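Asker: Okay, handing you the structure first.
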Amino acid sequence: MKPEYLRIDPTACAGHGICAELLPEMIKLDEWGYPILDQAPVSPPLRQHAQRAVSFCPTLALSFRADPATGRPPPCPRSSPGSATPTAAQRK
Ligand code: SF4
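All residue numbers for the sequence shown refer to the numbering used here, where the first residue is 784 and numbers rise by one.
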C-alpha cells in the first residue's frame with residue numbers, strides 16, 4: 784500500500800478545528816484555530832482516525848493525497864488500466 788498524506792485546501796478550510804479534535808496525533812491548531820498538518824504519511828494505526836477527520840470536515844477541505852509534492856489524490860481502486868471504460872467498438 785502506498786503511503787497517504789493529509790492535505791488541506793486552505794481556501795476551503797473555515798477553521799472549525801474538528802479535524803484536530805478527531806486526529807490530534809497529526810493535526811494541531813494554530814493561534815487562529817486553523818490546522819497545521821503533520822507532513823509525515825498517515826501511519827496504518829491512524830488511518831481510521833484520519834478517515835474520520837476527512838469525512839467529518841464540514842467544508843471538505845481535508846483530504847488524502849498520495850503524493851504531497853504533486854497534491855495528486857490516491858488512485859481510485861476502480862480506475863486501474865484493466866477496468867477502463869470500454870470503447871464504442873468494445874461495447875458492440
Ligand atoms: S475540520 Fe475542515 S474546515 Fe475545520 S479546521 Fe479542519 S480542515 Fe478546516
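Idealized CB from N, CA, C, for every residue including glycine.
Please read all numbers here as calculations on a predicted model, not as lab measurements.
CB of tyrosine 817 to nearest heavy atom of the ligand SF4: below 7 Å?
Answerer: In this structure, the ligand SF4 has a non-hydrogen atom nearer than 7 Å to the beta-carbon of tyrosine 817.
Asker: Can you find a heavy atom of the ligand SF4 that lies under 7 Å from the Cβ of proline 829?
Answerer: The displayed chain sequence assigns leucine, not proline, to residue 829. Leucine 829: no, Cβ never under 7 Å from the ligand SF4.
Asker: Could you tell me whether any non-hydrogen atom of the ligand SF4 is closer than 7 Å to the CB of threonine 794?
Answerer: no
Asker: Our contact map puts leucine 843 next to alanine 795 with C-beta atoms below 8 Å; I'd like the distance itself, whole angstroms only.
Answerer: 6 Å
Asker: Have a look at tryptophan 815 and proline 793 and give me their C-alpha separation to the nearest angstrom.
Answerer: 13 Å
Asker: I'd like to check one pair, proline 828 with isoleucine 801: are the Cβ atoms closer than 8 Å?
Answerer: no
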